[in-house]
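In the working numbering, the protein residues as written are 132 to 509. All residues carry an ideal CB built from backbone N, CA and C; glycine is no exception. Working notes, beginning with the structure itself.
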């Protein structure tokens, strides 16, 4: 009987769709195994952004809309419901292996729902080590329990920590295990002849400084802080700037976002693409930009944006702390600030002409799609 692996993807926001595509395309190289991808209904809407050829050893199945409602809750209840749905999918598809594109949402209940014969692997994005000092006692306790379970439960095969070489070594030593692994965050290369001339199309001259902020735009991405900083900046400093916001604007900031855009337009040119942006379009925007703004409120995890920064040699403006700050500084990918909220950004905007850097592209050396796939599938 052929080995059968279930890829369970309950959300395809951010880079999850991109990662799913990498994994899906690699399945065709392993014809002696079968694969099932369980995806949310939103996949129907977003799947046309990438090519999904049919493979004889791969099935794509949908998590029902009713089941998605069960996991659109917070905290422990979400974890319990996710595990219940995963158990059902494992039993229905009769699989021996499971891969979770976002693992932490299933914890701490996962070992109690999965048969010990089934091996589970997955990706962790937010690494608790980088938030330990700022966490309260409850959060520290829960983080410690989850990682202890990872190290002791027999169901876990490989737990990948995204973009951090050091943390897996430390955690394996701390918990006396070998389950934690490093996983590079791969970048998607697009040939230059596929780029759209953004500046010409949108009437942005070469003298204008373009500051780009892209991805899923939410409160935790610092999107609102950028707009507030634009409003408070000196017009003499940013009058020669164009700020581009590209990505779906989430409900948590939508009303305030458009209200602030109206105010910010009196200071500088603002261009908004409130939609899921495909990778060729993002590449075109990066090719035409001078800075990428990533004032994220969760620097404990990496960001795929820094891969674009390295590829196009554009400096990022980022928080100084956390894994994100460490990666930016160590790889010479941009400028970091202790205070990256609206006040820190305000300082950057008022002195933008003084910020110049030659970005190092060596960060990309191991950040390839084959390297990503090889570590997961081997």
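Please report the straight-line C-alpha distance between residue i and residue j, rounded to a whole angstrom.
i           : j           : result
residue 451 : residue 189 : 42 Å
residue 453 : residue 132 : 45 Å
residue 217 : residue 379 : 28 Å
residue 322 : residue 181 : 16 Å
residue 205 : residue 211 : 10 Å
residue 508 : residue 337 : 45 Å
residue 255 : residue 238 : 11 Å
residue 209 : residue 442 : 37 Å
residue 281 : residue 275 : 10 Å
residue 429 : residue 260 : 13 Å
residue 230 : residue 493 : 30 Å
residue 164 : residue 220 : 18 Å
residue 150 : residue 314 : 12 Å
residue 389 : residue 258 : 33 Å
residue 162 : residue 187 : 8 Å
residue 405 : residue 312 : 36 Å
Does residue i pass the burial test, meaning 16 or more other C-beta atoms within 10 Å, or should it be called exposed?
i           : result
residue 431 : buried
residue 478 : exposed
residue 497 : exposed
residue 146 : buried
residue 467 : buried
residue 300 : exposed
residue 192 : exposed
residue 262 : buried
What does residue i pair with, by DSSP beta-bridge criteria?
i           : result
residue 320 : Note: residue 320 sits in no beta bridge, so no partner.
residue 450 : 468
residue 400 : 373
residue 312 : 291
residue 169 : 139 and 192
residue 340 : 372
residue 348 : 380
residue 498 : According to DSSP, residue 498 bridges with nothing at all.
Tell me which residue opens and which closes the alpha helix (DSSP H) that residue i is part of.
i           : result
residue 250 : Where residue 250 is concerned, there is no enclosing alpha helix (DSSP H), although the beta strand (DSSP E) it sits in stretches over 250–255.
residue 150 : 147–158
residue 424 : Per DSSP, residue 424 belongs to no alpha helix (DSSP H); it is in the beta strand (DSSP E), 422–424.
residue 177 : 174–177
residue 273 : 268–283
residue 223 : 206–224
residue 332 : 329–332
residue 442 : 436–443
residue 389 : 385–395
residue 359 : 354–363
residue 411 : 410–418
If you follow the beta strand (DSSP E) that residue i is in, where does it begin and where does it stop?
i           : result
residue 372 : 372–377
residue 228 : 228–231
> Would you say the region 148–162 touches the region 241–250, given that touching needs at least three Cβ pairs under 8 Å?
Replying inline: no
> Does the count of Cβ pairs from the region 405–417 and the region 291–302 closer than 8 Å reach three?
Replying inline: no
> Are the region 299–312 and the region 336–351 touching by the rule of at least three beta carbon pairs closer than 8 Å?
Replying inline: no
>> Using a Cβ distance threshold of 8 Å, determine whether the region 377–397 contacts the region 341–358, with at least three qualifying pairs required.
In response: yes
> For the region 135–142 against the region 165–180, are there 3 or more C-beta pairs whose distance is under 8 Å?
Replying inline: yes
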